[in-house]
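S.K.: My questions will all concern the structure given below.
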Amino acid sequence: MTTKRETWNTHMGMIAAMIGTAIGLGNIWRFPYLCGKYGGATFLVPYVILLFGVAIFAMMCEWVLGRHTKRDPLGAFDKIRFPFGRDIGAWGIIGPFFLYSYYIVITSWVIFFIFASFEGLYFGRDTGEYFCSFLGSKSIFITHFFSVFVTSAILAMGVQKGIERACKIMIPALFVLLIVIAVRSVTLPGALEGVEFYMRPRWEGLFSPETWIAALGQVFFTLSLGMGAMLIYGSYLRDEWGIPMNALCVTLGNTSASILAGFAIFPAAFALGFGDIIGGSESIGLTFFVLPKVFEVMPGGHLFGGLFFILLTFGAVSSAISIQEPAIAWLKDEAGWSRPKSSVFTGIILWFMGIPFILNGFVKGGLGDKLALLSKMDVIIAQLAIPIFGIISIIAVGYFMQDRGFDEMNKNARVRLSKTPLKFWIRAVVPIFVGLLFILSLLKVLEDNHVIPAVLPTFRDMQFNSIGITPMTVFMIIFTALLFWGGFIFATVKVLTIEKDKKRKRDGHKHSG
Ligand code: TRP
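In terms of our numbering, the sequence shown opens at residue 1 and continues consecutively.
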């Protein structure tokens with residue numbers, strides 16, 4: 001095999017592309033919604049544990065599978081002789097269709113809000129009601145069609161590289177704007193209650209397996225795992241790039257955005273009177289009625305709002321194209337179709353698949369009813385299918401690639417993971433832990449449906465008695481800020497100096513040799 005596989009040209013470009021696919025609606029829509037639903041900081045604890053204990057390893061394993069085999073998911077599982085490898089790998093082609101079908105519907109809400117913000121359509125109105133009425137209007141058909149059209153057109157023209165390049169500006173800009181919004185949100189009168197909710201863990205909730213399963217789904221979803229996407233990206237990774245530190249960079253960079261989104265949304269939610277909605281079935285639209293209210297109370301809100309939704313569109317579209325791409329790549333390579341033909345074909349199917357979620361918006365009732373189908377699909381895909389495939393990647397590396405896998409992970413890495421604990425972690429701890437979570441949540445489902453008598457304590461205590469900031473909250477704020485934002489900056493600087501070092505050495509060799 002002498003054909004050289006395409007790789008990213010620069011290290012920074014690679015990190016930007018990875019963070020680009022990872023950052024999207026998962027950070028701004030899904031994270032705050034789940035975090036609210038499962039009790040704010042009570043959700044953050046399992047989220048952080050699973051992020052560093054499971055998801056980052058799953059990401060490294062997907063990269064290892066991709067880089068080692070230099071194949072797509074189908075070929076990769078086949079090549080390492082995983083039982084039913086091609087069938088399992090096929091999930092990397094089929095799975096994304098289901099994810100895309102509702103992901104693009106949410107993208108179309110974002111696009112609608114660009115116009116709604118510039119035009120000031122929701123200003124001075126009940127934003128919850130406004131959002132609800134949008135879901136049952138003609139406009140959603142238009143923005144949905146437009147969203148599918150845009151991603152398919154980008155892929156048909158093969159210009160997704162251009163989009164990725166644009167994201168290098170747009171995603172940092174999104175960060176900056178999020179900071180501005182978070183500052184406005186935190187300084188609203190009554191915002192501290194929201195900060196408390198978001199940052200002070202109420203330990204009781206930690207015993208609920210539901211919370212853990214939701215967090216497990218979110219850590220996989222937000223890092224774009226469990227769909228073969230990171231596996232494909234891994235196949236473009238250059239051999240000289242160490243996997244562990246880069247995985248850490250991407251993880252921290254992505255999570256920084258989610259944490260920030262929480263600071264933009266929760267304080268404002270409490271200050272502006274949405275506190276009761278958090279946790280209920282309506283909260284799936286949280287981002288889309290809290291942020292508009294923040295723009296309303298912000299000087300230059302029309303402009304900020306419009307700009308924010310434009311930037312978020314870039315995040316969502318760059319993620320959506322990465323979800324649509326595997327099927328196109330497969331049609332091109334296996335069926336010999338042209339890129340435009342594959343794009344149009346997948347686009348039409350994906351457009352159809354989104355229609356049920358839109359029609360659901362026309363039923364009578366509240367937001368919870370209008371989004372019932374979408375939220376069910378989201379649970380099935382993100383909480384079940386994605387983690388299962390993610391764990392399969394871990395098992396594939398741990399049990400089928402074994403030493404080849406562990407060596408690939410540490411190849412050319414300055415910061416190496418010591419092999420014995422790594423092996424133990426990947427082969428035993430992660431599968432057992434995640435398996436246990438699945439069993440516990442299954443028991444919970446059976447218990448809720450009265451199949452078995454109550455075996456698990458359920459605490460969903462959303463009450464909190466003190467208003468104002470407690471020392472614990474202050475501690476948690478400093479802790480998360482240091483961990484994610486500080487850690488991200490530190491890790492990125494470190495990786496870049498390592499690369500510079502290596503380059504200097506290589507150049508030195510060239511000159512002396
Ligand atoms: N991570 C993206 C987000 O947070 C969504 C996404 C893009 C994704 N590609 C994926 C999720 C592949 C799972 C698998 O918005």
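Just so you know, even glycine gets a beta-carbon here, dropped at the ideal spot from N, CA and C.
I need the straight-line Cα distance from Trp425 to Gly398, nearest angstrom please.
M.R.: Working through the sequence shown from its first residue, we reach residue 425 at position 425. Working through the sequence shown from its first residue, we reach residue 398 at position 398. Between Trp425 and Gly398, the C-alpha separation is close to 9 Å.
S.K.: On a CA-only basis, which of Pro471, Gln218, Arg414 is nearest Ile380? Give me that one, please.
M.R.: Residue 380 sits at position 380 when you count from the first residue of the sequence shown. Of Pro471, Gln218, Arg414, the residue nearest in Cα terms is Gln218.
S.K.: Can you give the beta carbon distance from His11 to Leu437, rounded, assuming they're within the 8 Å contact cut?
M.R.: Against the sequence shown, residue 11 aligns to sequence position 11. Against the sequence shown, residue 437 aligns to sequence position 437. No, His11 and Leu437 are not in contact; Cβ-Cβ is about 35 Å, not under 8 Å.
S.K.: For Phe357, count neighbouring C-beta atoms within 10 Å of its own C-beta (all shown protein chains included) and say buried if the count is 16 or more, exposed if not.
M.R.: On the sequence shown, position 357 is the one that residue 357 refers to. When all chains shown are included, Phe357 counts as buried.
S.K.: What do you get for Ile439, buried or exposed, if any count of 16 or more other CB atoms within 10 angstroms of its CB means buried?
M.R.: By one-based count along the sequence shown, residue 439 stands at place 439. The residue is exposed, with fewer than 16 neighbouring Cβ atoms inside 10 Å.
S.K.: Counting only the same chain and skipping the five closest in sequence on each side, list residues whose C-beta sits under 6 Å from that of Ser152.
M.R.: On the sequence shown, residue 152 is found 152 positions in, with the first residue counted as 1. Closer than 6 Å at Cβ, skipping near neighbours: Ser343, Gly347.
S.K.: Nearest-angstrom Cα distance between Gly315 and Arg67?
M.R.: As a first step, residue 315 is located in the sequence shown; it is residue number 315 there, counting from the start. As a first step, residue 67 is located in the sequence shown; it is residue number 67 there, counting from the start. C-alpha separation (whole angstroms): 25 Å.
S.K.: If you run the structure through DSSP and keep just helix, strand and coil, what is Ser137?
M.R.: By 1-based counting over the sequence shown, the position of residue 137 is 137. Correct three-state label for Ser137: coil.
S.K.: Below 8 Å on the Cβ atoms is my contact criterion, and I expect Trp29 with Ile106 to pass it. Report the Cβ-Cβ distance as a whole number of Å.
M.R.: As a working mapping, residue 29 is identified with position 29 in the sequence shown. As a working mapping, residue 106 is identified with position 106 in the sequence shown. Correct: roughly 6 Å between the Cβ atoms.
S.K.: What's the C-alpha gap between Pro431 and His509?
M.R.: As a working note, residue 431 is residue 431 in the sequence shown. As a working note, residue 509 is residue 509 in the sequence shown. Whole-angstrom Cα-Cα distance: 44 Å.
S.K.: Output yes or no for whether 8 Å exceeds the beta carbon distance between Leu374 and Asn360.
M.R.: Translated into the one-based positions of the sequence shown, residue 374 becomes position 374. Translated into the one-based positions of the sequence shown, residue 360 becomes position 360. For Leu374 and Asn360, yes; Cβs fall inside 8 Å.
S.K.: Determine whether the beta carbon atoms of Gly194 and Phe295 lie at a separation below 8 Å.
M.R.: Here the question's residue 194 lines up with position 194 in the sequence shown. Here the question's residue 295 lines up with position 295 in the sequence shown. Their beta carbons are not under 8 Å apart, which means Gly194 does not touch Phe295 by this criterion.
S.K.: Do you know how far the Cα of Val290 is from the Cα of Arg339?
M.R.: Taking the sequence shown and counting its residues from 1, the one referred to as residue 339 is at position 339. Taking the sequence shown and counting its residues from 1, the one referred to as residue 290 is at position 290. One C-alpha to the other measures close to 40 Å.
S.K.: So, using beta-carbon positions, are Leu51 and Thr255 closer together than 8 Å?
M.R.: As a working note, residue 51 is residue 51 in the sequence shown. As a working note, residue 255 is residue 255 in the sequence shown. Taking 8 Å as the Cβ cut-off, Leu51 and Thr255 qualify as a contacting pair.
S.K.: Among the candidates Arg506, Gly306, Arg165, whose CA atom is the shortest distance from the CA of Trp109?
M.R.: Within the sequence shown, numbered from 1, the residue matching residue 109 stands at position 109. When only C-alpha atoms are compared, the closest one is Gly306.
S.K.: My parser needs the beta strand (DSSP E) runs of 3 or more residues fully inside the region 383-448; what are they?
M.R.: Complete beta strand (DSSP E) runs here, min 3: none at all.
S.K.: If we count the other Cβ atoms within 10 Å of its Cβ and call it buried at 16 or more, is Pro244 buried or exposed?
M.R.: Locating residue 244 in the sequence shown gives position 244, where the first residue counts as 1. By the neighbour-count rule (16 or more Cβ atoms within 10 Å), Pro244 is buried.
S.K.: State yes or no: is the C-beta of Met170 nearer than 7 Å to some heavy atom of the ligand TRP?
M.R.: For the purposes of this step, residue 170 is identified with residue 170 of the sequence shown, where counting begins at 1. Because no heavy atom of the ligand TRP lies under 7 Å away, the Cβ of Met170 does not count as near it: no.
S.K.: Cβ of Asn27 within 8 Å of Cβ of Ala257?
M.R.: In the sequence shown, the residue the question calls residue 27 occupies position 27. In the sequence shown, the residue the question calls residue 257 occupies position 257. In this structure, Ala257 lies closer than 8 Å to Asn27 by Cβ.
S.K.: Considering only heavy atoms of the ligand TRP, does any lie closer than 7 Å to the CB of Ser224?
M.R.: Mapped onto the sequence shown, residue 224 falls at position 224. Checking the Cβ of Ser224 against the ligand TRP gives yes.
S.K.: Which runs of the alpha helix (DSSP H) fall wholly inside the region 261-318 and span at least 4 residues, in chain order?
M.R.: Taking only runs of at least 4 residues, the alpha helix (DSSP H) segments lying wholly in the region 261-318 are 286-296.
S.K.: In angstroms, rounded to a whole number, what distance separates the CA positions of Ile467 and Ile213?
M.R.: The residue you call residue 467 lines up with position 467 of the sequence shown. The residue you call residue 213 lines up with position 213 of the sequence shown. For Ile467, the pLDDT reaches just 44, beneath the cut-off of 50, and the residue's location in the model is therefore unreliable, although a value from the coordinates is still provided. So the two alpha carbons sit approximately 29 Å from each other.
S.K.: Taking only heavy atoms of the ligand TRP into account, decide whether any of them is closer than 7 Å to the Cβ of Ser235.
M.R.: Residue 235 sits at position 235 when you count from the first residue of the sequence shown. Not under cutoff, so the answer is no.
S.K.: Between which two residues does the alpha helix (DSSP H) carrying Ile15 extend?
M.R.: Residue numbering aside, residue 15 sits at position 15 when the sequence shown is read from its first letter. Counting along the chain, the alpha helix (DSSP H) containing Ile15 begins and ends at 11-22.
S.K.: DSSP three-state label for Trp212, please.
M.R.: Indexing the sequence shown from 1 puts residue 212 at position 212. Correct three-state label for Trp212: helix.
S.K.: At a cut-off of 7 Å, is Leu25 close to the ligand TRP when judged by its beta-carbon and the heavy atoms of the ligand?
M.R.: Working through the sequence shown from its first residue, we reach residue 25 at position 25. Leu25: yes, Cβ under 7 Å from the ligand TRP.
S.K.: For Gly365, count neighbouring C-beta atoms within 10 Å of its own C-beta (all shown protein chains included) and say buried if the count is 16 or more, exposed if not.
M.R.: The residue you call residue 365 lines up with position 365 of the sequence shown. Its Cβ having fewer than 16 others within 10 Å, Gly365 is exposed.
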